[in-house]
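J.: Right, I'll just put the structure down here and ask away after.
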Amino acid sequence: MKSSRSNPPNSHQTIILKSAICSRLLLIGLILLWRTVLHPYDTSSLLNPNCLSSNSITHHHNHNQNSLLPQLGSTIEDSIVWDSVYFVRIAECGYEYEQSYAFLPLLPICIFVLSHTVFAPLVPFIGLRAVLALAGYAVNNVAFVFAAIYLYRLSAIILNDHEAALRASLLFCFNPASIFYSSIYSDSLYSLFSLGGLYHLMSGSDNIAVLWFALSGCARSNGVLNAGYFCFQTMHQVYHDLFLKKDARLAVKAFIIGALRCICTFLPFIAFQAYGYYNICHGHAPEEMRPWCKSKIPLLYNYIQSHYWKVGFLRYFQLKQLPNFLLASPILSLAICCILHYVRSQPEIFFSLGFRAPNGQKRSIDSFSSLDTVPGPNIATSKETFSTKMQEYHNLRQRRQMIERDDYLVLPEEHDLFQKPECFHAFVIPCTLHLGFMAATAFLVMHVQVRLILVKLQHISQHADC
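As structure tokens, then:
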């Protein structure tokens with residue numbers, strides 16, 4: 179027995195690779211075209227004073243008087259606008275101002291390393307700041323290409339349908355917010371490490387997933403939400419060990435391991451907050467301290483978002499912001515429709531958090547850490563192996579039809595893994611909860627600009643084909 183749904187043609191990843199590259203080239207071309215035709219709305223690229231610290235790399239800093247191609251350097255620098263100004267500035271001068279701590283360090287670190295290694299020979303030609311910008315563009319566009327590939331691999335495992343996985347990946351390549359993935363923003367790195375972490379989690383490589391999720395938390399603050407997948411996994415594992423295996427020792431072990439994985443996912447963000455506290459609050463007299471330094475929980479990130487960007491509960495609900503709400507309404511509507519579609523289709527599974535999932539749709543979440551049969555990095559599983567597994571499953575199903583049916587009887591894990599889940603299995607639950615939390619937070623708390631960025635990834639990657 180052969181199945182094209184689980185044995186994709188080798189060309190699928192090639193198609194995605196080509197589509198991702200072409201979409202980036204097309205977008206960059208459109209950016210250059212529109213910047214040539216129209217005057218840019220944002221002029222923050224001109225804001226580039228000298229670094230405050232004497233230890234910063236100031237001898238290359240400022241303008242391009244000594245560069246061989248000053249006009250080209252200036253053109254590249256003109257593209258550093260909006261949040262890109264902060265990322266490039268941090269890569270060049272470090273965290274100088276309080277508000278710069280709103281931008282997590284992974285992208286600036288990547289820009290700094292790349293600009294002082296691979297792109298370093300270009301500094302004499304176009305200047306350091308232009309090289310930093312080129313490094314940022316390179317990092318984000320390459321990360322996007324790999325994110326698209328990981329999205330395909332992840333979707334192929336969750337959906338067990340390579341054609342649907344291909345469609346989801348192509349939608350991702352041409353998603354409406356593509357501009358953020360090709361600019362100097364942190365979205366591409368966040369997408370890469372979030373999707374890659376989910377892929378490794380679904381493949382049974384939990385420790386690798388921890389590393390990837392931790393890196394996603396170094397890219398964007400909402401990366402810490404990926405710890406929820408470990409919470410979901412641990413919840414099922416503890417239930418399995420405690421109530422099915424009747425082994426409290428295994429349950430405690432699973433709980434401790436799950437807690438440690440969640441802590442590791444949170445750790446980079448917490449460490450960065452501690453770094454900000456040390457730089458801004460440590461060594462100052464109480465009367466000289468910033469207000470957030472005196473809080474019981476001195477969380478710098480929340481203070482910056484509220485004080486400098488006016489982010490807060492219902493603070494964006496103003497009549498003048500109505501056009502922005504209309505702008506965000508399509509993606510928010512799609513997110514809500516995806517959630518309602520899953521809840522209405524599988525209410526018992528959703529409200530029981532997967533514990534009452536019937537065998538035909540339940541995935542062995544509680545046994546991820548011991549999976550040996552889930553497709554790993556080489557998702558093109560051999561046809562013979564898959565055919566054997568599917569034949570075993572159908573034989574077992576035929577035998578079960580001869581006895582009294584029990585929808586909530588859990589089959590052996592090796593058969594459960596190879597069923598066609600129709601993308602309604604239990605692992606969709608944490609994805610749906612993740613999407614719901616981000617959509618609600620975006621609508622009630624954030625600005626529309628952030629709202630579009632945060633919600634689109636979850637919608638496209640986990641729900642587009644459901």
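Residue numbers (our numbering): 179 to 644.
Built from N, CA and C at the ideal position, the CB exists for glycine as well.
1. Could you say which of L310, E276, Q191, S278 lies nearest to L292 if we only look at CA atoms?
2. Spatial neighbours of L230 within its chain, please: C-beta separation below 8 Å, excluding the five flanking residues on both sides.
3. From which residue to which residue does the alpha helix (DSSP H) around T412 run?
4. What's the call for Q496, buried or exposed, on a 16-neighbour Cβ count within 10 Å?
5. Can you tell me where the alpha helix (DSSP H) with G207 in it begins and where it stops?
6. To the nearest angstrom, report how far apart S189 and I336 are at their CA atoms.
7. Can you check whether the CB of Y520 is closer than 8 Å to the CB of T619?
8. Can you give me the C-alpha to C-alpha distance between S507 and Y359, rounded to a whole angstrom?
9. Is A397 buried or exposed, if buried means 16 or more other CB atoms sit within 10 Å of its CB?
10. So, helix, strand or coil for C459, using DSSP?
11. By the 10 Å Cβ neighbour count, where 16 or more other Cβ atoms means buried, how is Q249 classified, buried or exposed?
12. From what residue to what residue does the alpha helix (DSSP H) around C516 run?
13. Identify, in the order they occur along the chain, each residue of the same chain with its Cβ nearer than 6 Å to the Cβ of N319, setting aside the five sequence neighbours on each side.
14. Taking the straight line between their C-alpha atoms, what separation do you get for L500 and L208?
15. For S383, which of helix, strand or coil comes out of DSSP?
16. Going by DSSP in three states, A429 sits in which element: helix, strand or coil?
17. Starting from the Cα of A269, find the closest Cα among F281, E276, W260 and give me that residue.
18. Drop a sphere of 10 angstroms on the beta-carbon of R522, count the other beta-carbons inside from all chains shown, and report buried for 16 or more, exposed for fewer.
19. Is it true that the CB of Q451 sits closer than 8 Å to the CB of Y163?
20. Evaluate the contact criterion for the segment 364 to 384 versus the segment 295 to 310: three or more CB pairs, one atom per stretch, below 8 Å.
21. Determine the direct distance from the alpha carbon of T412 to that of L438, and round the result to whole angstroms.
22. On the premise that I362 lies in contact with I258, defined as a C-beta separation below 8 Å, what is that separation, rounded to the nearest angstrom?
23. Please go through the same chain and pick out, in chain order, the residues whose beta-carbon is closer than 8 Å to the beta-carbon of F533, but skip the five residues on each side of it.
24. Take P283 and list the residues in its own chain whose beta-carbon comes closer than 7 Å to its own, dropping the five residues that flank it on each side.
25. Residues in the same chain with beta-carbon distance under 7 Å from L205, minus the five sequence neighbours each way, listed in chain order, please.
26. Rounded to the nearest angstrom, what separates G401 and C409 at their Cα positions?
27. Between G490 and the rest of its own chain, which residues show a CB-CB distance below 7 Å, the 5 nearest in sequence each way excluded?
28. Which class does E274 belong to by DSSP, given the choice of helix, strand or coil?
29. Please classify L589: does DSSP put it in a helix, a strand, or coil?
T.: Short version:
1. Looking up residue 292 in the sequence shown gives position 114. Measuring from the Cα of L292, the nearest candidate turns out to be L310.
2. In the sequence shown, the residue the question calls residue 230 occupies position 52. Within the same chain, L230 has close Cβ partners C271, E274.
3. As a first step, residue 412 is located in the sequence shown; it is residue number 234 there, counting from the start. Taken as a continuous stretch (DSSP letters only), the alpha helix (DSSP H) holding T412 covers 405 to 417.
4. Walking along the sequence shown from the start, residue 496 turns up at place 318. By the C-beta density criterion, Q496 is exposed, having fewer than 16 other C-beta atoms within 10 angstroms.
5. The residue you call residue 207 lines up with position 29 of the sequence shown. 189 to 215 is the span of the alpha helix (DSSP H), which, as asked, contains G207.
6. For the purposes of this step, residue 189 is taken as the residue at position 11 of the sequence shown. For the purposes of this step, residue 336 is taken as the residue at position 158 of the sequence shown. Those two C-alpha atoms are separated by around 20 Å.
7. The residue you call residue 619 lines up with position 441 of the sequence shown. The residue you call residue 520 lines up with position 342 of the sequence shown. Taking 8 Å as the Cβ cut-off, T619 and Y520 do not qualify as a contacting pair.
8. Along the sequence shown, one-based indexing puts residue 507 at 329. Along the sequence shown, one-based indexing puts residue 359 at 181. If you take the alpha carbons of S507 and Y359, they lie about 21 Å apart.
9. By one-based count along the sequence shown, residue 397 stands at place 219. With 16 or more other Cβ atoms within 10 Å, it is buried.
10. Along the sequence shown, one-based indexing puts residue 459 at 281. Here C459 sits in coil by DSSP.
11. Residue 249 sits at position 71 when you count from the first residue of the sequence shown. Exposed, by the Cβ-count rule.
12. The sequence position of residue 516 within the sequence shown is 338, counting from 1. In this chain, the alpha helix (DSSP H) harbouring C516 covers 500 to 523.
13. What you label residue 319 is simply residue 141 of the sequence shown in a count that begins at 1. Around N319: R202, S360.
14. Counted from its first residue, the sequence shown places residue 500 at position 322. Counted from its first residue, the sequence shown places residue 208 at position 30. Their Cα atoms are separated by approximately 28 Å.
15. Residue 383 sits at position 205 when you count from the first residue of the sequence shown. Coil.
16. Along the sequence shown, one-based indexing puts residue 429 at 251. In this structure, A429 counts as helix in the three-state DSSP scheme.
17. Mapped onto the sequence shown, residue 269 falls at position 91. For A269, the nearest C-alpha among the options comes from F281.
18. Against the sequence shown, residue 522 aligns to sequence position 344. Using a 10 angstroms sphere on the CB of R522, the tally of other CB atoms stays under 16, which defines it as exposed.
19. In the structure as shown, the chain begins at 179 and stops at 644. Residue 163 is therefore absent and cannot be evaluated.
20. No, the segment 364 to 384 does not touch the segment 295 to 310.
21. Translated into the one-based positions of the sequence shown, residue 438 becomes position 260. Translated into the one-based positions of the sequence shown, residue 412 becomes position 234. About 11 Å.
22. Here residue 258 corresponds to residue number 80 of the sequence shown, with the count starting at 1. Here residue 362 corresponds to residue number 184 of the sequence shown, with the count starting at 1. Confirmed, Cβ separation roughly 7 Å.
23. For the purposes of this step, residue 533 is identified with residue 355 of the sequence shown, where counting begins at 1. So the list reads H414, Y417, once near-sequence residues are dropped.
24. In the sequence shown, counting from the first residue as 1, residue 283 sits at position 105. Excluding positions up to five away in sequence, the list reads C396, F450.
25. Translated into positions along the sequence shown, residue 205 becomes position 27. Counting only Cβ-Cβ distances below 7 Å, and skipping sequence neighbours, we find S356, I357, S360.
26. Start at 1 with the first residue of the sequence shown, and residue 401 comes out as number 223. Start at 1 with the first residue of the sequence shown, and residue 409 comes out as number 231. Going from the Cα of G401 to the Cα of C409 covers about 14 Å.
27. Here residue 490 is taken as the residue at index 312 of the sequence shown, counted from 1. Apart from the 5 residues on each side of it in sequence, G490 sits with its Cβ closer than 7 Å to the Cβ of S484, V623 in its chain, given in chain order.
28. As a working mapping, residue 274 is identified with position 96 in the sequence shown. In this structure, E274 counts as coil in the three-state DSSP scheme.
29. Residue 589 sits at position 411 when you count from the first residue of the sequence shown. Below a pLDDT of 50, predicted positions are generally treated as unreliable, and L589, at 36, falls in that range; the measurement from the model is reported next regardless. Three-state result, L589: coil.
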